[in-house]
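Q: First residue of the sequence shown? That's 2 in our numbering, and the numbers climb one at a time after it.
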Amino acid sequence: MEEKTEKFPILQVTDQGRSRLEDTVVRESALTIFLNNQELVTVLCSPTSLEYLAVGFLLSEGLIKGKDDIRKIIVDDQRGIVQVETEKDFGSASEPSFKRLVTSAGGRGTPFYNAPDAQGQAKVESDIEISAHELFALIDKFVQRSEVFKATGGVHSAALSDTKDILVFSEDIGRHNAIDKIFGECILKDIPTEGCLVITSGRVSSEILLKVTRRNIPLLISKSAPTNLGVRLADDLGITLVGFARGRRMNIYTNGWRIMAK
């Protein structure tokens with residue numbers, strides 16, 4: 002937990018008065034990703050699982066397609082650098098889509114995603130079904146795994162699950178990063194994602210929806226809200242999108258046939 006958090010003395014004020022306490026705060030750091038010896042992007046993130054984050058980011062951006070594209074990965078935790086060498090050259094750092102700062106919220110000065118990204122994305126075809134009871138049980142397990150959130154309230158969580166259990170879990174100050182970390186781990190450990198579902202604590206925007214769709218995942222479950230474009234894309238691309246999954250309640254926005262009543 003120490004590598005993920007730091008303690009600070011604070012002055013807490015309530016209607017009963019003031020008191021001096023110690024508070025646990027999530028750590029934030031900058032990760033710079035180099036692709037084929039060229040600086041690609043700097044991501045503000047939690048300083049853990051940097052290798053997974055770098056690979057997941059490259060995968061989500063379409064710069065690699067899988068593990069076979071990767072020749073070498075060098076991680077420098079102290080300097081916050083991950084260098085990835087690929088089997089072939091995927092572009093130049095002088096191109097407009099490179100050298101960007103990605104904030105912890107996932108914001109970018111210029112978006113990586115655009116309309117053609119969604120238009121060229123194949124629809125997800127899957128007959129997978131899960132009962133509401135099974136889904137609520139998975140969400141309970143997801144919440145129990147969120148240790149850094151319980152300690153700080155300052156991170157997002159993401160998980161890859163089958164219909165019975167959580168297979169991969171991650172936490173990060175950025176909701177995009179948390180999802181990239183689970184996909185990066187899946188790529189490097191040869192964990193299949195097809196036919197699984199993703200659970201996230203964060204808002205489901207079009208970017209999040211596309212990350213999930215590119216891994217051929219038919220269900221995306223969020224404790225938070227979707228955006229209108231996220232809902233439209235989920236409908237168009239065959240994704241079952243669930244929002245506000247909290248306790249024993251959820252809102253199903255698209256393709257609700259995959260979630261059975263019992």
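Glycine included, each C-beta is placed from N, C-alpha and C at the ideal position. Just so you know, these numbers come straight off a predicted model, no measurement behind them.
Starting from the C-beta of Lys182, find all residues in its chain whose C-beta is less than 8 Å away, skip the five residues before and the five after it, and write them out in chain order.
A: So the qualifying residues of the chain are Ser50, Tyr53, Leu54, Gly57, Ala159, Ser171, Asp173.
Q: Looking at the structure shown, is Cys197 part of a helix, part of a strand, or coil, going by DSSP?
A: Coil at Cys197, not helix or strand.
Q: Taking the alpha-carbon positions, what's the Leu12 to Ser20 distance?
A: Rounded to whole angstroms, Leu12 to Ser20 spans 6 Å at the Cα level.
Q: When you compare each of Ser202, Glu195, Cys197 to His177 by their alpha carbons, which one comes out closest?
A: Nearest option by C-alpha distance: Ser202.
Q: Just reading off the beta strand (DSSP E) that Ser223 is part of, what are its end residues?
A: 220-223 is the span of the beta strand (DSSP E), which, as asked, contains Ser223.
Q: Is it true that the CB of Lys8 sits closer than 8 Å to the CB of Glu23?
A: Yes, Cβ-Cβ distance for Glu23 and Lys8 is below 8 Å.
Q: Go ahead and label Thr111 buried or exposed: buried means 16 or more other beta carbons lie within 10 angstroms of its beta carbon, across all protein chains shown.
A: Confidence at Thr111 is low in this model, with a pLDDT of 37, below 50, so its placement is unreliable and the value that follows should be read with caution. Looking at its Cβ environment, which holds fewer than 16 other Cβ atoms inside 10 Å, Thr111 is exposed.
Q: Let me know the secondary structure DSSP gives Asp166 once reduced to three states.
A: Coil at Asp166, not helix or strand.
Q: Leaving out the 5 sequence neighbours to the left and right, which residues in its chain are closer than 7 Å to Asp78 when beta-carbon positions are compared?
A: The residues are Leu51.
Q: Would you tell me roughly how many angstroms separate the C-alpha atoms of Gly154 and Leu189, rounded to the nearest one?
A: So the alpha carbons of these two residues sit roughly 29 Å apart.
Q: Let me check you understand the geometry: is the CB of Ser171 closer than 7 Å to at least one non-hydrogen atom of the ligand SAH?
A: Within the structure as shown, the ligand SAH is missing, as the structure has no ligands at all.
Q: Taking DSSP as the reference, what is the three-state secondary structure of Leu32?
A: Reduced to three states, the DSSP call for Leu32 is strand.
Q: If you check the beta carbons only, do Ile71 and Val83 fall under 8 Å apart?
A: Going by C-beta atoms, Ile71 is not nearer than 8 Å to Val83.
Q: On the DSSP bridge list, what partners appear for Arg204?
A: Answer by DSSP bridge pairing: none, since Arg204 is not bridged.
Q: Considering Glu185, what are the terminal residues of the alpha helix (DSSP H) in which it resides?
A: The displayed chain sequence assigns Gly, not Glu, to residue 185. Where Gly185 is concerned, the enclosing alpha helix (DSSP H) stretches over 176-190.
Q: Excluding sequence positions up to five away, which residues of its chain have a Cβ less than 6 Å from the Cβ of Val205?
A: Taken in chain order, the residues that qualify are Ser223, Pro227, Gly231.
Q: Ends of the beta strand (DSSP E) at Ala246?
A: Element bounds for Ala246: 241-247.
Q: State the start and end residues of the unbroken alpha helix (DSSP H) segment that holds Leu22.
A: Note, Leu22: premise wrong, no alpha helix (DSSP H); beta strand (DSSP E) at 18-27.
Q: Put Gln79 into one of helix, strand or coil per three-state DSSP.
A: Reduced to three states, the DSSP call for Gln79 is coil.
Q: What first and last residue would you give for the alpha helix (DSSP H) that runs through Lys151?
A: Lys151 -> alpha helix (DSSP H) spans 148-153.
Q: For Gly244, which residues of its own chain have a beta-carbon under 7 Å away from its beta-carbon, when the five flanking residues on both sides are left out?
A: Cβ within range, chain order: Val205, Ser223, Ser225, Ala226, Pro227, Asn252, Tyr254.
Q: Compute the beta-carbon to beta-carbon distance between Ile192 and Phe143, rounded to the nearest angstrom, for a pair I have assumed lies under 8 Å.
A: That belief does not hold up - the Cβ atoms of Ile192 and Phe143 are roughly 17 Å apart, past 8 Å.
Q: Classify Pro219: buried if its beta carbon has 16 or more other beta carbons within 10 angstroms, exposed otherwise.
A: Burial call: buried.
Q: On the three-state DSSP scale, how would you describe Glu4?
A: The answer is coil: DSSP assigns Glu4 none of H, G, I, E or B.
Q: With DSSP as the reference, please indicate the residues paired to Ala235 in a beta bridge.
A: In DSSP, Ala235 forms no bridge with anything.
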